[in-house]
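Asks:
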Amino acid sequence: MVTGGPDQWDGGELPGNPGERPRIPSPRSAAEDRGPLPDPPPLPARDPVIDSVGPLPEAGPGAEPPAPVPLPEPAPAPPHRVLKSLLGAWALSACSPEETAAVEAHLTDCASCADEALRLRDAVGLLHPADSLDLDPLLRSRVLEGCLGRRPARIPVPDWASPYDAETAKLDALLHDMGEAEWRAPVRLRWFEGERPVERETTVAGVMGHLMAVDGLVATALGLTDPLGTAAPPGAPDPLVRTETFWRAAHETEHPLAVHAPWRDQSYALTRQVSFAGSRVAELAVPYGDFRLPLRDAFLDRAFECWVHAGDIAEAVDYPYVPPASGHLHQMVDLAARLLPSALADRRRAGLAAPPQRLVEAGAPGRTLHLEVEGSGGGHWYIALDSPAALGTAERTVAHIALDSDEFCQLAAGHISPEEAAAGQDGERDAIREVLFATASLSRL
Numbered sequence: 010m011v012t013g014g015p016d017q018w019d020g021g022e023l024p025g026n027p028g029e030r031p032r033i034p035s036p037r038s039a040a041e042d043r044g045p046l047p048d049p050p051p052l053p054a055r056d057p058v059i060d061s062v063g064p065l066p067e068a069g070p071g072a073e074p075p076a077p078v079p080l081p082e083p084a085p086a087p088p089h090r091v092l093k094s095l096l097g098a099w100a101l102s103a104c105s106p107e108e109t110a111a112v113e114a115h116l117t118d119c120a121s122c123a124d125e126a127l128r129l130r131d132a133v134g135l136l137h138p139a140d141s142l143d144l145d146p147l148l149r150s151r152v153l154e155g156c157l158g159r160r161p162a163r164i165p166v167p168d169w170a171s172p173y174d175a176e177t178a179k180l181d182a183l184l185h186d187m188g189e190a191e192w193r194a195p196v197r198l199r200w201f202e203g204e205r206p207v208e209r210e211t212t213v214a215g216v217m218g219h220l221m222a223v224d225g226l227v228a229t230a231l232g233l234t235d236p237l238g239t240a241a242p243p244g245a246p247d248p249l250v251r252t253e254t255f256w257r258a259a260h261e262t263e264h265p266l267a268v269h270a271p272w273r274d275q276s277y278a279l280t281r282q283v284s285f286a287g288s289r290v291a292e293l294a295v296p297y298g299d300f301r302l303p304l305r306d307a308f309l310d311r312a313f314e315c316w317v318h319a320g321d322i323a324e325a326v327d328y329p330y331v332p333p334a335s336g337h338l339h340q341m342v343d344l345a346a347r348l349l350p351s352a353l354a355d356r357r358r359a360g361l362a363a364p365p366q367r368l369v370e371a372g373a374p375g376r377t378l379h380l381e382v383e384g385s386g387g388g389h390w391y392i393a394l395d396s397p398a399a400l401g402t403a404e405r406t407v408a409h410i411a412l413d414s415d416e417f418c419q420l421a422a423g424h425i426s427p428e429e430a431a432a433g434q435d436g437e438r439d440a441i442r443e444v445l446f447a448t449a450s451l452s453r454l
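Residues 10 to 454 in my numbering are what the sequence shown lists, from first letter to last.
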């Protein structure tokens, strides 16, 4: 019987005995116990080429050591003449990445090529000017013209209403991106009364209110809503009175931008109404105070005034504006030329012109002035001098006036005086003066 503890030795630990127990080894000494360790030998330098290839197979006894892999030679730089010939393509950003790197490395060492590259890069900048972000005012007209040329509209706009449709679209494009400050920009309106020019100061919003108020004369003639509503003045419709009424109401109650959408909606409604109304509506009378115009002429009158006042707005906000298309401008000039005999008669009744020299029966040839309008939209017109009912003919011509189309329109708009019109003149001086003043008298607010 064993009386000792578990740690007491009883001989069972001896190897080979049946009761052998696991032997616990004695602790070993560490290498550091014998002093500091020696420094390890340096590692041999690694060859990047060999590393990229991978481990080489072990050589047998007596085998030759492997030959070192040669490094690739750097590509030589292109010669000067080649790099110089690439400068143009480099300036246009047309070189490959390798060519671009070679050219730019060469420019750091070659002063002459660097100067040439700078000149070429400046020239490329001139070839590619910065495009304006402003939309072309004629964009809508060109798109519509292209679409209608490919597929005619089921309900086309009448020819006599097309100038109004195009000019209102141009003006709408001009107004589209204007801010409140530009709507309050001062605009100087000019026209001619009697023997002297007249001016009126307003704002961009005031000009648009004027256009909408006078366009309302055409709208009411077609049965559309009057933009003045219950504030419309009673009695004979007068453009000046309607404009003053609208300005008073807008000044008291409305924000300046509030007139844009109603004017645009009214212009759309006018064009749509005459497009669906049929051909006979062209002769509908539109009252303008003390005179009337057939609807076809009233639309041309509104197109002309829209263009003139759009130019006033563009000048006030420093924005370029283009004249109407040649065909549209010709229709406007034709209207002004057809109104000249009546304008001469009105000036005689007001005592502003000399009495007629020779009266003739209605429809008979009488004294005539040959009006030649040159340039876009121009043509030839023969103006009866003594009576609106007389017939102007080339055979009875006593005077001749030649004017550029833009100058003729500026005179008819009252933007220049008859004395300022640079007209080519020939024949009776009095007849020429009367026609120039009658042209200026066509203008109004």
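Don't be surprised by glycine CBs; every beta carbon is placed ideally from N, CA and C. These numbers were taken from a predicted model, which means no experiment stands behind them.
Do the region 333 to 350 and the region 409 to 426 meet, that is, are 3 or more Cβ pairs less than 8 Å apart?
Replies: Yes, since at least three Cβ pairs between the region 333 to 350 and the region 409 to 426 fall closer than 8 Å, the two stretches touch.
Asks: Classify Ala110 as buried or exposed, calling it buried when 16 or more other Cβ atoms lie within 10 Å of its own Cβ.
Replies: Here residue 110 is taken as the residue at index 101 of the sequence shown, counted from 1. Classification of Ala110: exposed, given that the 10 Å Cβ count is below 16.
Asks: Which term fits Arg209, buried or exposed, when burial requires 16 or more other beta carbons within 10 angstroms of its beta carbon?
Replies: For the purposes of this step, residue 209 is taken as residue 200 along the sequence shown, with counting starting at 1. So Arg209 ends up on the exposed side.
Asks: Rank Trp390, Gly97, Ala278 by C-alpha distance to the C-alpha of Glu125 and give the top, closest one.
Replies: Residue mapping note: residue 125 aligns to position 116 of the sequence shown, counting from 1. Nearest C-alpha to Glu125: Gly97.
Asks: Excluding the five sequence neighbours on either side, which residues of its own chain have a C-beta within less than 8 Å of the C-beta of Arg356, listed in chain order?
Replies: As a working mapping, residue 356 is identified with position 347 in the sequence shown. The answer, listed in chain order, is Ala362, Glu443, Phe446, Ala447, Ser450.
Asks: Decide if Leu378 is buried, meaning its Cβ has at least 16 other Cβ atoms within 10 Å, or exposed.
Replies: Position 369 of the sequence shown holds residue 378. It is buried - the Cβ of Leu378 has at least 16 other Cβ atoms within 10 Å.
Asks: So, is Phe285 buried or exposed, given that buried needs 16 or more other C-beta atoms within 10 angstroms?
Replies: As a first step, residue 285 must be located in the sequence shown, where it is residue number 276. Exposed is the call here.
Asks: Using C-beta distances below 7 Å, list every residue in its chain close to Ala334, excluding the 5 sequence neighbours before and after it, in chain order.
Replies: Here residue 334 corresponds to residue number 325 of the sequence shown, with the count starting at 1. Correct list, in chain order: Ala175.
Asks: Distance check for Gly134 and Thr254, CA to CA, integer angstroms please.
Replies: Working through the sequence shown from its first residue, we reach residue 254 at position 245. Working through the sequence shown from its first residue, we reach residue 134 at position 125. One C-alpha to the other measures close to 54 Å.
Asks: Evaluate Gly14 with the Cβ neighbour count: other Cβ atoms within 10 Å of its Cβ, from every protein chain shown; 16 or more gives buried, anything less gives exposed.
Replies: Walking along the sequence shown from the start, residue 14 turns up at place 5. Caution applies to Gly14, whose pLDDT of 48 falls short of 50 and renders its modelled position unreliable; the model cannot decide the point.
Asks: By DSSP, does Thr234 sit in helix, in strand, or in coil?
Replies: Locating residue 234 in the sequence shown gives position 225, where the first residue counts as 1. DSSP places Thr234 in the coil class of the three-state scheme, outside both helix and strand.
Asks: Among the residues of its own chain, which have a CB less than 6 Å from the CB of Ala258, if the five just before and after it don't count?
Replies: Your numbering for residue 258 matches position 249 in the sequence shown. Counting only Cβ-Cβ distances below 6 Å, and skipping sequence neighbours, we find Ala240.
Asks: Assign Thr109 to one of three DSSP states: helix, strand, or coil.
Replies: For this step, residue 109 is matched to residue 100 along the sequence shown. Correct three-state label for Thr109: helix.
Asks: With distances taken between CB atoms, is the gap from Asp395 to Gly375 smaller than 7 Å?
Replies: Locating residue 395 in the sequence shown gives position 386, counting from the first residue. Locating residue 375 in the sequence shown gives position 366, counting from the first residue. The answer is yes: Cβ separation under 7 Å.
Asks: Which residue or residues does DSSP assign as beta-bridge partners of Gln366?
Replies: Position 357 of the sequence shown holds residue 366. DSSP output for Gln366 lists no bridge partner at all.
Asks: Note down, in chain order, each residue of its chain lying with its Cβ closer than 8 Å to the Cβ of Gly320, except the 5 sequence neighbours on either side.
Replies: Your numbering for residue 320 matches position 311 in the sequence shown. Hits under 8 Å: Tyr330.
Asks: From the DSSP output, read off the bridge partner residues of Gln282.
Replies: The count along the sequence shown starts at 1 and reaches residue 282 at position 273. None; Gln282 has no bridge partner.
Asks: Report yes if the C-beta distance between Glu370 and Ala411 is below 7 Å; otherwise report no.
Replies: Sequence index remark: in the sequence shown, residue 370 carries index 361 (1-based). Sequence index remark: in the sequence shown, residue 411 carries index 402 (1-based). No, the Cβ-Cβ distance between Glu370 and Ala411 is not below 7 Å.
Asks: Check for me: the alpha helix (DSSP H) holding Ala408 runs from which residue to which?
Replies: The count along the sequence shown starts at 1 and reaches residue 408 at position 399. Ala408 -> not in any alpha helix (DSSP H); beta strand (DSSP E) instead, spanning 400 to 413.
Asks: Tell me the rounded alpha-carbon separation between Gln282 and His219.
Replies: For the purposes of this step, residue 282 is taken as residue 273 along the sequence shown, with counting starting at 1. For the purposes of this step, residue 219 is taken as residue 210 along the sequence shown, with counting starting at 1. Straight across, the Cα-Cα distance linking Gln282 with His219 is about 21 Å.
Asks: Contact defined as beta carbons within less than 8 Å: I believe Ala440 pairs with Glu416. What is the distance between those atoms, to the nearest angstrom?
Replies: Mapped onto the sequence shown, residue 440 falls at position 431. Mapped onto the sequence shown, residue 416 falls at position 407. Not confirmed; about 19 Å, so no contact.
Asks: Shortest alpha-carbon distance to Ser121 belongs to which of Cys104, Ser94, Leu136?
Replies: To locate residue 121, count along the sequence shown from 1; it is residue 112. The shortest C-alpha separation from Ser121 is found at Ser94.
Asks: List the residues that DSSP assigns as beta-bridge partners of Gln434.
Replies: Taking the sequence shown and counting its residues from 1, one reaches residue 434 at position 425. DSSP, once it has assigned bridges, lists Ile410 as partnering Gln434.
Asks: My assumption, with CB atoms under 8 Å, is that Val458 sits in contact with Leu226. Please give the rounded CB distance.
Replies: The question about residue 458 has no answer here: the residues shown for the chain are numbered 10 through 454.
Asks: Check whether the Cβ atoms of Phe308 and Ala178 sit closer than 7 Å, and answer yes or no.
Replies: For the purposes of this step, residue 308 is identified with residue 299 of the sequence shown, where counting begins at 1. For the purposes of this step, residue 178 is identified with residue 169 of the sequence shown, where counting begins at 1. No, the Cβ-Cβ distance between Phe308 and Ala178 is not below 7 Å.
Asks: To the nearest whole angstrom, what separates the beta carbons of Pro167 and Ala291, a pair I think is in contact under 8 Å?
Replies: Here residue 167 is taken as the residue at index 158 of the sequence shown, counted from 1. Here residue 291 is taken as the residue at index 282 of the sequence shown, counted from 1. Between Ala291 and Pro167 the Cβ distance is about 7 Å, and since that is below 8 Å, they are a contact.
Asks: Using only the alpha-carbon positions, how far apart do Thr406 and Tyr391 sit?
Replies: Mapped onto the sequence shown, residue 406 falls at position 397. Mapped onto the sequence shown, residue 391 falls at position 382. Approximately 8 Å, taken between the alpha carbons.
Asks: Cutting at 8 Å between CB atoms, please list the residues of its own chain near Arg427, excluding the five before and the five after it.
Replies: The count along the sequence shown starts at 1 and reaches residue 427 at position 418. With the sequence shown as reference, residue 427 is identified as Pro, and Arg is not the correct amino acid for it. The answer, listed in chain order, is Leu420, Arg442, Leu445, Phe446, Thr448, Ala449.
Asks: Going by other Cβ atoms of all chains shown within 10 Å of its Cβ, with 16 needed for buried, is Asp224 buried or exposed?
Replies: In the sequence shown, counting from the first residue as 1, residue 224 sits at position 215. Result: buried.
Asks: Would you please state the rounded distance, in angstroms, between the beta carbons of Trp192 and Pro265? I believe it to be under 8 Å.
Replies: Translated into the one-based positions of the sequence shown, residue 192 becomes position 183. Translated into the one-based positions of the sequence shown, residue 265 becomes position 256. The Cβ separation is near 4 Å, so the contact holds.
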